[in-house]
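Numbering (the numbering used here), first residue to last: 1430 to 1907.
So, in structure tokens, the structure goes:
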């Protein structure tokens, strides 16, 4: 998925497998895929009409089966007519949503699978389990020129995602092979996140598992990540090699990744907020909680993950999105009111009794939202509930932090002259956003079950790496 490629072959519709058109499929990791055909899929014609296709099938020049899904016609070039001579074929171009290599289907309804596997950038380092055995170096005369390479494939790590879905981290490694004259030994270990469902699902539904886990990994890395490869398989799609058995096809999936970075540097475990090994005992509960709460908290999550996917580019909207995330997260997790509902109902009735009837309409409008918590109250609760020693030092004086967020949010939402003086600007607004972001990340992690003491310990180890710009760690806390 992270390398561009070009495939030449024959292309056709499932309904007309014998009528084939030559063409070229091009894929780029961030720009996506385009198919250019030398001719029309609908037969001969001087000027093919615009018609999108759910599925286009292909057979590459090296005999690979290809299915293209979500195909939108972008260009239709008519034939150039030459009087007294032959006319060429029209060219037709499509923008492609998904490329599936290793599969042909008869209809879009066949694009269902029950297993998805993905290598994700930095997943290997986050898990931190290697099959290589490191032997102590022996510099004695008998062994100083001897090199031992020992490798054993690690066992998969299994966990439950939900009642319908099992997850696992699956390790693979290539065999180094042998040659008549051996000069090199090459063993590469890889690890995939896998989700296997009891019932078959669409590509979009299965990709939600990848995206959800990818976002979980962002909380650990405190940086964006992306899929390196994605493979699908299912009961409907099998190969028969003539030995009386059938085997599920491994189908490679390709689509555009907007946040792919070609030269991104890998993080090691000591640079992460948490690694698998550090939360190993709690991981089954944490990951199950993550998927269980993802749909409820997705609006709040997305506003934070957007900051990482955008490469930490900062604008005023960056700050506003984080403030909205805090408000949304609190509202969905801590769904309470300023005053208990029975008391609030009695208060409304008493106010209406003593108020002139001509004001009742306006008062009722105010009552609709009058018992909701405001941003100030919500932020105050977040800073108290998810507090830890390191986070408290990053935030500084909590009351001032809350006021700064509230005042700045109000100004950049309405741009009122009255609020301009109270709002932070420039570098100060950026630092305020950075503090709000780590508060939200800590809130998310505690909410899914990461113990407060482990989180505080991790932040303490990382404070000079990730948060040195937010406070002076050399000063002793009073």
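C-beta: ideal position from N, C-alpha, C; glycine also.
Selected residue, minimal CA-CA separation from residue 1696, among 1728, 1679 and 1653: Of the candidates 1728, 1679 and 1653, the one whose C-alpha sits nearest the C-alpha of residue 1696 is 1653.
Sub-8 Å separation of residue 1682 and residue 1659 beta-carbons: Going by beta carbons, residue 1682 and residue 1659 fall inside the 8 Å limit.
Distance between residue 1443 and residue 1535 (C-alpha atoms, nearest Å): Distance between residue 1535 and residue 1443, taken at the CA atoms: about 5 Å.
Every unbroken alpha helix (DSSP H) inside the region 1540 to 1628 [4 residues or more]: Listed in chain order, the complete alpha helix (DSSP H) runs (minimum 4 residues) inside the region 1540 to 1628 are 1552 to 1556.
Backbone CA spacing between residue 1890 and residue 1699 [nearest angstrom]: When rounded, the distance between both Cα atoms is 8 Å.
Cα-Cα separation between residue 1595 and residue 1630, rounded to whole angstroms: Between the alpha carbons of residue 1595 and residue 1630 lies a gap of roughly 14 Å.
Boundaries of the alpha helix (DSSP H) in which residue 1728 is found, first to last residue: DSSP places residue 1728 in the uninterrupted alpha helix (DSSP H) bounded by 1712 to 1738.
For residue 1510, three-class secondary structure by DSSP: For residue 1510, the pLDDT reaches just 47, beneath the cut-off of 50, and the residue's location in the model is therefore unreliable, leaving the point undetermined.
Cβ pair residue 1616, residue 1580 closer than 8 Å: Yes, the pair counts as a contact, with Cβ atoms nearer than the cut-off.
When 1600, 1821, 1635 and 1636 are compared against residue 1619, the one with the closest alpha-carbon: It is 1600 whose Cα lies nearest to the Cα of residue 1619.
Residue 1907 classed as buried or exposed, judged by whether at least 16 other C-beta atoms fall within 10 angstroms: Its pLDDT being 48, under 50, residue 1907 is placed unreliably by the model, and the measurement read from it follows with that caveat. By the neighbour-count rule (16 or more Cβ atoms within 10 Å), residue 1907 is not buried but exposed.
Residue 1855, enclosing beta strand (DSSP E) - first and last residue: Premise fails: residue 1855 lies in the alpha helix (DSSP H), 1855 to 1876, not in any beta strand (DSSP E).
Proximity of residue 1843 and residue 1810 at Cβ, strictly below 8 Å: No. Outside cutoff.
Segment contact, 8 Å Cβ cut-off, at least three pairs: the region 1444 to 1456 with the region 1658 to 1675: With a cut-off of 8 Å, the region 1658 to 1675 and the region 1444 to 1456 do not count as touching, because too few Cβ pairs lie within range.
Spatial neighbours of residue 1749 in its chain, beta-carbon cut-off 6 Å, leaving aside the 5 residues before and after: Correct list, in chain order: 1841.
Whole-angstrom distance between residue 1692 and residue 1591, CA atom to CA atom: Separation of residue 1591 and residue 1692 (C-alpha to C-alpha, rounded to the nearest whole angstrom) is 35 Å.
8 Å Cβ cutoff met for residue 1900 and residue 1829: No, they are not a contact pair.
Cross-strand partners of residue 1465 (DSSP beta bridge): DSSP output for residue 1465 lists 1453 and 1522 as bridge partner(s).
One or two residues paired with residue 1440 in a DSSP bridge: Residue pairing for residue 1440: DSSP places it in a beta bridge opposite 1450 and 1487.
C-alpha distance - residue 1814 paired with residue 1888, whole-angstrom precision: For residue 1814 and residue 1888, the distance between alpha carbons rounds to 17 Å.
Same chain only: Cβ atoms within 6 Å of residue 1728, ignoring 5 sequence neighbours per side: These residues qualify, in order along the chain: 1757.
Three-way DSSP call (helix, strand, coil) for residue 1633 in this model: Residue state, collapsed to three classes: helix.
For residue 1663, the residue or residues it bridges with in DSSP: Looking at the DSSP assignment, residue 1663 forms a beta bridge with 1666.
Per-residue burial, residue 1663 [other beta carbons within 10 Å of its own, 16 or more giving buried]: By the neighbour-count rule (16 or more Cβ atoms within 10 Å), residue 1663 is buried.
Three-way DSSP call (helix, strand, coil) for residue 1434 in this model: In this structure, DSSP gives residue 1434 an extended state, which the three-state scheme calls strand.
Nearest-angstrom beta carbon gap, residue 1489 and residue 1438 [assumed within contact, 8 Å]: With 8 Å as the limit, residue 1438 and residue 1489 qualify as a contact, their Cβ atoms being about 4 Å apart.
Of the residues 1584, 1866, 1607 and 1725, the one placed nearest residue 1743, counting alpha carbons only: The residue with the shortest Cα to Cα distance from residue 1743 is 1866.
Spatial distance of residue 1466 from residue 1603 (CA atoms): Across the structure, residue 1466 and residue 1603 are spaced so that their CA atoms are roughly 37 Å apart.
Host alpha helix (DSSP H) of residue 1886 (start-end): Unbroken alpha helix (DSSP H) run through residue 1886: 1881 to 1895.
Per-residue burial, residue 1543 [other beta carbons within 10 Å of its own, 16 or more giving buried]: The residue is buried, with at least 16 neighbouring Cβ atoms inside 10 Å.
Start and end residues, beta strand (DSSP E) containing residue 1680: 1680 to 1683 is the span of the beta strand (DSSP E), which, as asked, contains residue 1680.
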